[in-house]
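These notes are about the structure you will find just below.
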Amino acid sequence: MDIYIGHSHRVREIFIQGEFQSKEDICHFYDSVKNCKTEIKITFLTANTLPCDVIEKLLYLNSLGNCCIEVFARNLYFYLYRLGINCTYLHYRNRQEKIRIESSNKKRYSLNEEEIKVLLQAIYHKYGYDYTQYNMQSIKRRIHNIMTRLNLQTIEELEADVLNNKNTFKEVFLEFSINITDFFRDPEVFAFIRQSLLPALSEHKHIKVWCVGCSNGKEPYSLAILLEELGMLHKTQIYATDINPYIIEEAKNGFYSSETIERDKKNYEMAMGSNAFVDSFHLEEKYMKIRKKYKKNILFFQNNVVNSRLSHEFQMIICRNLLMYFDVNLQRKVLEKFYSGMDREGYLVLGRSEEVTKEQKDKLFDVIHHTHKIYRKK
Numbered sequence: 000m001d002i003y004i005g006h007s008h009r010v011r012e013i014f015i016q017g018e019f020q021s022k023e024d025i026c027h028f029y030d031s032v033k034n035c036k037t038e039i040k041i042t043f044l045t046a047n048t049l050p051c052d053v054i055e056k057l058l059y060l061n062s063l064g065n066c067c068i069e070v071f072a073r074n075l076y077f078y079l080y081r082l083g084i085n086c087t088y089l090h091y092r093n094r095q096e097k098i099r100i101e102s103s104n105k106k107r108y109s110l111n112e113e114e115i116k117v118l119l120q121a122i123y124h125k126y127g128y129d130y131t132q133y134n135m136q137s138i139k140r141r142i143h144n145i146m147t148r149l150n151l152q153t154i155e156e157l158e159a160d161v162l163n164n165k166n167t168f169k170e171v172f173l174e175f176s177i178n179i180t181d182f183f184r185d186p187e188v189f190a191f192i193r194q195s196l197l198p199a200l201s202e203h204k205h206i207k208v209w210c211v212g213c214s215n216g217k218e219p220y221s222l223a224i225l226l227e228e229l230g231m232l233h234k235t236q237i238y239a240t241d242i243n244p245y246i247i248e249e250a251k252n253g254f255y256s257s258e259t260i261e262r263d264k265k266n267y268e269m270a271m272g273s274n275a276f277v278d279s280f281h282l283e284e285k286y287m288k289i290r291k292k293y294k295k296n297i298l299f300f301q302n303n304v305v306n307s308r309l310s311h312e313f314q315m316i317i318c319r320n321l322l323m324y325f326d327v328n329l330q331r332k333v334l335e336k337f338y339s340g341m342d343r344e345g346y347l348v349l350g351r352s353e354e355v356t357k358e359q360k361d362k363l364f365d366v367i368h369h370t371h372k373i374y375r376k377k
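Just so you know, numbering that gives the first Met the number 0 puts 213 at position 214 of the sequence shown, and the rest follows in order with no gaps.
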């Protein structure tokens with residue numbers, strides 16, 4: 000990471016190139032903003048996520064009212080925005096040009112499935128990410144969003160841009176990543192996990208859980224809260240994975256907007272939580288931060304479930320609302336992978352719109368709760 004400092008019209012301008020990789024990078028950033036008696040303008044040129052210490056410093060500088068923050072990465076912009084940090088999103092089509100994002104009328108494109116397949120194959124050969132077995136309607140919708148945002152008229156334009164511009168590929172990668180979640184989402188499922196599954200696992204000396212597609216960490220943290228209340232967190236290791244490396248860093252940070260706190264409280268109560276939801280967080284005006292005791296037994300890391308080699312004997316695998324984005328063949332492949340990685344009579348929790356096929360029910364899994372889509376390995 001590199002930091003460049005300049006001054007213009009009584010404003011200290013700080014340009015940050017690259018991702019924060021070490022404690023030294025964080026200290027370098029702290030030094031760049033300290034003892035400044037003028038306005039500060041901080042521009043993050045390429046960073047997609049920021050470590051916890053930098054987020055806290057930005058929150059402090061933002062509260063002083065003399066700091067202007069600009070970001071080029073859409074992912075980082077929305078992350079800071081959700082935490083209540085005032086910032087401006089700058090967008091570029093190349094390194095020499097930057098354009099202020101302005102709202103525009105959405106355009107509709109005629110997207111041919113064969114052209115989309117060619118694009119997905121090209122992405123796979125160039126970057127190694129295989130989206131060819133994702134649900135076609137979902138892919139169409141996301142490609143439309145990208146083309147609207149980048150003001151592209153044809154899929155050929157998009158393909159050329161993706162293959163020759165890593166920033167455009169990053170737009171595609173982030174758009175294809177699914178990051179919709181809540182604390183205790185579908186609380187009746189968490190209530191069943193708390194009342195039925197966790198007590199059944201309590202006799203194990205060591206418990207291993209895999210949260211697949213963990214997004215920004217709300218699901219594994221929700222599980223950790225329940226495990227702590229039941230006195231089981233100390234002997235549980237939660238593996239929380241997602242294909243998106245930037246969202247994984249957000250999960251590690253454990254910062255969340257407080258705008259959803261009333262919904263979070265309601266979900267927690269419906270999930271049969273035994274304490275106050277807010278006791279699990281350090282609360283500030285616009286954000287909340289998960290307490291450290293819930294972090295220590297969660298291992299967050301990037302992982303693509305499609306080609307994952309995780310082979311631990313998991314007592315529970317939670318994979319909710321991810322399989323729905325795969326086609327039938329890929330769903331079958333992933334479910335077989337889960338079966339192979341599960342402990343004897345381990346539990347599998349899927350999303351409400353997902354289920355194990357009849358063939359796999361006969362051979363691999365017993366149904367524990369049909370409505371909640373919970374299964375047990377045969």
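We treat Cβ as the ideally placed atom computed from N, Cα and C, and that holds for glycine.
If you ignore the 5 residues before and after THR131, its C-beta comes within less than 6 angstroms of the C-beta of LEU119, all in its own chain and listed in chain order.
Scanning the region 317 to 367 for uninterrupted beta strand (DSSP E) segments of 3 residues or longer gives 341 to 349, listed from N- to C-terminal end. Residue state for ALA159 is assigned as helix, using DSSP reduced to three classes.
TYR238: member of the beta strand (DSSP E) spanning 235 to 241, first to last residue. Per DSSP, the unbroken beta strand (DSSP E) holding GLU12 starts and ends at 10 to 16. ASP263 is classed as buried because its beta carbon has at least 16 other beta carbons within 10 Å across all chains shown. Distance from the Cα of ASN47 is smallest, within the candidate group PHE172, SER307, HIS368, SER256, for PHE172. Excluding five sequence positions before and after TYR126, the CB atoms of its chain that fall closer than 7 angstroms to its own CB belong to PHE168, given in chain order.
TYR88 sits in a strand when the DSSP states are folded into three classes. Leaving aside the five residues that flank GLU312 on each side, the residues in its chain whose CB is nearer than 6 angstroms to its CB run, in chain order, ASP342. Scanning the region 161 to 249 for uninterrupted beta strand (DSSP E) segments of 3 residues or longer gives 206 to 211, 235 to 241, listed from N- to C-terminal end. Straight across, the Cα-Cα distance linking PHE189 with LEU229 is about 13 angstroms. DSSP places LYS288 inside the beta strand (DSSP E), whose first and last residues are 286 to 289. Rounded to whole angstroms, the gap between the alpha carbons of ASP241 and GLY17 is 22 angstroms.
Spanning the alpha carbons of LEU79 and GLU284 requires a straight line of approximately 14 angstroms. Taking one beta carbon from each stretch, the region 230 to 250 and the region 205 to 216 have 3 or more pairs nearer than 8 angstroms; the two touch. Taking all protein chains in view, the Cβ of GLU358 is surrounded by fewer than 16 other Cβ atoms within 10 Å, so the residue is classified as exposed. Short of 7 angstroms from the beta carbon of ILE247, and not among the five residues preceding or following it, lie these beta carbons of its own chain, in chain order: ASP241, PHE299, PHE300, GLN301. Only residues of its own chain outside the window of five on either side were considered, and among them GLN16, GLY17 have a CB closer than 7 angstroms to the CB of ASP1, listed in chain order.
Distances from the alpha-carbon of TYR267 to those of SER256, SER221, LYS292, ASN296 put SER221 closest. As DSSP reads the structure, GLU114 sits in no beta bridge. For HIS311, no alpha helix (DSSP H) encloses it, and the DSSP letter there is neither H nor E. Secondary-structure assignment with DSSP links CYS66 through a beta bridge to ILE39. Its chain contains LYS234, GLN314 as the residues whose beta carbon lies nearer than 8 angstroms to that of HIS203, once the 5 sequence neighbours on both sides are disregarded; these appear in chain order.
Rounded to whole angstroms, ILE289 and ILE179 show a C-alpha spacing of 19 angstroms. For the set LYS251, LYS207, PHE364, GLY253, the Cα lying nearest the Cα of SER310 is the one of LYS207.
A distance below 6 angstroms between beta-carbons, with the five flanking residues on each side excluded, links LYS139 to the following residues of its chain, in chain order: LEU110.
When DSSP states are grouped into helix, strand and coil, HIS369 belongs to the coil group. Comparing C-alpha distances from LYS377 to each of GLY350, GLY340, GLU353, PHE175 shows the shortest one belongs to GLY340. Pairwise C-beta distances place the region 315 to 331 out of contact with the region 268 to 279, as fewer than three of them are shorter than 8 angstroms. One Cα belongs to GLU354, the other to HIS369, and the distance between them is close to 9 angstroms.
For PHE254, the enclosing beta strand (DSSP E) begins and ends at 254 to 256.
Counting every other CB atom within 10 Å of its CB across the protein chains shown gives ILE54 a total of 16 or more, marking it as buried.
When the alpha-carbon of LEU232 is set against those of ARG193, TYR245, GLY253, the nearest one is in ARG193. Looking at the DSSP output, LEU58 shares a beta bridge with no other residue. Distance check between LYS56 and each of SER176, LEU75, CYS26, GLU261 places CYS26 closest, using alpha-carbon atoms only.
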